Amino acid sequence: MARAIPTRRRWLLSLLAWAVGLIIFFPILWTVLTSFKTEGEAIAAPPHILFFHWTLENYAEVQQRSNYIEHVTNSVVIALGSTLLALLIGVPAAWAAAFAPTRRTKDLLMWMLSTKMMPPVGVLVPIYLLFRDWGLLDTLTGLTVLMMLVNLPIVVWMLYTYFREIPADILEAARMDGARLFNEIVHVLAPMAAPGIASTMLLNIILAWNEAFWTLNLTAAKAAPLSAFIASYSSPEGLFWAKLSAASTMAIAPILILGWFSQRQLVRGLTFGAVK
Amino acid sequence: MATLHTRSLARLMMAPSVAMLFLWMAVPLGMTLYFSFIRYNLLIPGPRSFVGFSNYYYFVTDPAFVAALVNTLVIIGGTLLITVIGGILLALLLDQPIFGQGIVRLLVISPFFVLPTVAALVWKNMMMNPVYGVFAQIARSLGLAPLDWFASVPLLSITLIVAWQWLPFATLILLTALQSLSEEQREAAEMDGARRFSIFFYIILPHLARAITVVILIETIFLLTVFAEILVTTNGGPGVATTNIAFLVYAQALLQFDVAGASAGGIIAVILANIVAVFLMRMIGRNLEA
């Protein structure tokens, strides 16, 4: 029940909240606006906020100069590929933890989580050397598998918290009826847990898309996803803000929109059930 | 409940995840540990002889290490200060019955979904540039001298960027926790004539304590290895002014090819992270039983 509060106070609070929200969002808004300006207008002082000559030339130029589409494809392949792989391996594990727990299940889950607490620099050197020796540096295969491993603990945990809410009796009833385990998972569990599986996928795609430690260290020109590609704009070569903005806008737009839909799952997935 | 048959099946289904995570963590970590005790530089051929703790000794006595440790703590401390206090205030504000609550919420959580490299470059150039940046333009229009952020306060600049990225996380978790506070409890306190100030300190803050701890622990683990933001803005400089432990290990390994020294640094980072992780795991474990 919302409390009744005076209208005047409600307006004042709303004004304050909107002002704060817009200030926090401003860098993103500014990036999007700048991407439609010419390089000259991008650095105009005082800045032209809305009344400038809107242009799409930056978007065309980013593609021409750097084969942008290839990096988008890399991002999509790595994010989707690693997510699907992680689900393939994670769903059975989460099923086992939720529906056939043993004395060691809790310890196993905690151990999986502990791998997520390991700072990546702790294994940077051997992973880099192994990738180099196995010819996996700057390959999509290497990065997809790596990203799957990075996010697997989160996938198992999130799925586990969703599966745990499904009454085990229903699965057992299916089993009584002679359903085999594969059918039990695909035809009984999966439809019931569909929203949970979808949110797990969503969060995992976002995390894989935005990962920037391994992608920066293990890719160069060929397999670089957007996070590594944008980093190439850090070497200053004249004024490039409009182009930087266009490249950035395209890189963050899809994930920002996905992110807006995943607010609640975010809390669940990133706190491992410690905050409900 | 679980029959013998399902139990062995369960083990079979758990196996791939466990095996893969074991290979992913244990094997490389073991290699790091091994490298940290031998002589191993990619540029200097020779026998990889056992050298005891001397890699650790050189890494820790390097003046850059102390600087990096301090910088790591400043980035973590500064970001936590901004995100926890800012997050509490924002959560309180968003919990009010404001117009367009859903949209304001979307605006506030958006920075979390921005690629780290994009966030860093947009802030460095379009916000903090001393001539054309938005901050400089605002300063000039107010008659103030614009600040050259990355030249005069590089570490603060990076901390601000990181804090901007993590503020939504703190806000979202604290808001979730705040909304689970029962309305009756708050109303009862109001009936008893409690002032807004005391309601905050005696009812709301204790209720949020657990969520605040979770935010602090999780952010600390991620912030120990802030990397992309440093790489694309300052490259650790000027000097080592913005080098943190993660960046120092990276520089040692991939720029100086000192595998052994970098491995010793990596192990030190793991130890630091574990100190925090122990507390976090204990909290999560307690929740698992509830």
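These protein sequence lines are chains W and F, in that order.
Numbering of the first sequence is given in the working numbering, commencing with residue 89 and proceeding in unit increments.
Numbering of the second sequence is given in the working numbering, commencing with residue 55 and proceeding in unit increments.
The beta-carbon is built from N, C-alpha and C at its ideal position, and this holds for glycine as well.
Bear in mind that the values here come from a model prediction, so they are computed numbers and not experimental data.
Check: If we define contact as Cβ-Cβ less than 8 Å, is W/N298 a contact residue for chain F?; Outcome: yes
Check: Would you verify that the beta carbon of W/M205 is, or is not, closer than 8 Å to some beta carbon of chain F?; Outcome: yes
Check: Closer than 7 Å by beta-carbon distance: list the chain W residues that pair up with F/T60, in chain order.; Outcome: A188
Check: 8 Å is my cut-off, CB to CB: does W/S123 come that close to chain F?; Outcome: no
Check: May I ask you to list the residues that DSSP assigns as paired with F/F104?; Outcome: F/I92
Check: Could you check the C-alpha separation between W/G158 and W/P214 for me, to the nearest Å?; Outcome: For the record, residue 158 of chain W in the displayed sequence is Glu; it is not Gly. Whole-angstrom Cα-Cα distance: 29 Å.
Check: If I measure Cβ to Cβ from W/F360 and keep anything under 7 Å in the same chain, skipping five residues before and after, which residues do I get?; Outcome: L201 and W245
Check: Nearest to F/V250 by alpha carbon, out of F/F311, F/T213 and F/L146?; Outcome: Val is not the amino acid found at residue 250 of chain F; the sequence shown has Arg there. Nearest C-alpha to F/R250: F/L146.
Check: Does DSSP put F/I136 in a helix, a strand or coil?; Outcome: helix
Check: Using a Cβ-Cβ cut-off of less than 8 Å, list which residues of the stretch 223–243 of chain W approach chain F; keep chain order.; Outcome: L237, L240 and P241
Check: Apply the 10 Å Cβ neighbour rule to W/P283 and answer buried if 16 or more other Cβ atoms are within range, or exposed otherwise.; Outcome: exposed
Check: According to DSSP, is W/I254 part of a helix, a strand, or is it coil?; Outcome: coil
Check: Please state whether the Cβ-Cβ distance between F/E273 and F/I215 is less than 8 Å.; Outcome: no
Check: Short of 6 Å in beta carbon distance, which residues of its chain neighbour F/I136, apart from the five on each side in sequence? Order them along the chain.; Outcome: A217
Check: Just to confirm, are F/A300 and W/V209 a CB contact at a threshold of 8 Å?; Outcome: yes
Check: Quick one: does the C-beta of F/Y111 sit closer than 7 Å to a heavy atom of the ligand SAH?; Outcome: Ligands in the displayed structure: none, and consequently the ligand SAH is not present.
Check: With 8 Å as the threshold, decide whether the Cβ of W/M198 is near any Cβ in chain F.; Outcome: yes
Check: Once DSSP output is grouped into helix, strand and coil, what is the label at F/I98?; Outcome: strand
Check: What residues in its chain sit with their C-beta under 8 Å from that of W/T203, if we drop five residues either side in the sequence?; Outcome: P241
Check: Flag this pair as touching only if the stretch 170–178 of chain W and the stretch 285–295 of chain W have three or more C-beta atom pairs under 8 Å; answer yes or no.; Outcome: yes
Check: By Cβ distance, which residues of its chain are closer than 8 Å to W/L344, with the 5 residues on each side in sequence left out?; Outcome: I116
Check: What's the C-alpha gap between W/L225 and W/N162?; Outcome: 14 Å
Check: At a CB distance below 7 Å, what residues from the stretch 160–184 of chain W approach chain F? Give them in sequence order.; Outcome: I177, G178, P180, A181, W183 and A184
Check: Give me the chain F residues within the contact set of W/F349, using Cβ-Cβ distance strictly less than 8 Å, ordered along the chain.; Outcome: Ordered by position in chain F, no residue passes the 8 Å Cβ test against W/F349, which lies about 10 Å from the chain.
Check: In whole angstroms, what separates the C-alpha of W/Y54 from that of W/L314?; Outcome: Summary: the structure shown does not reach residue 54 of chain W, with chain W confined to residues 89 through 364, and so no result is reported for it.
Check: Taking only the alpha-carbon atoms, compute the straight-line gap between F/F153 and F/S164 and give it to the nearest angstrom.; Outcome: 19 Å
Check: For a test of the three-state rule: what should DSSP assign to W/M264, helix, strand or coil?; Outcome: helix
Check: If you draw a straight line from the alpha carbon of F/T60 to that of W/I273, how long is it in whole angstroms?; Outcome: 13 Å
Check: What does a CB cutoff of less than 6 Å around W/R98 pick up in its chain, not counting 5 residues either side in sequence?; Outcome: none
Check: Whose Cβ in chain W lies nearer than 7 Å to the Cβ of F/S211?; Outcome: Neighbours of F/S211 on chain W: none; closest Cβ ~13 Å, over 7 Å.
Check: Does W/K125 come out as helix, strand or coil in the three-state DSSP assignment?; Outcome: coil
Check: Does the beta carbon of F/Y186 sit closer than 8 Å to a beta carbon anywhere in chain W?; Outcome: yes
Check: Once you ignore the five residues that flank F/L229 on each side, which residues in its own chain have a CB closer than 6 Å to its CB?; Outcome: A145 and L148
Check: Of the residues that make up the stretch 142–156 of chain F, which ones have a beta carbon closer than 9 Å to any beta carbon in chain B?; Outcome: The structure shown contains no chain B; its protein chains are W and F.
Check: Taking only beta carbons into account, state which residues of the stretch 131–150 of chain W come closer than 8 Å to chain F, listed in chain order.; Outcome: I131, A133, P134 and P135
Check: Here's a check: name, in chain order, each residue in its chain whose Cβ is nearer than 8 Å to the Cβ of F/A193, leaving out the five neighbours to either side.; Outcome: A199, P200 and L201
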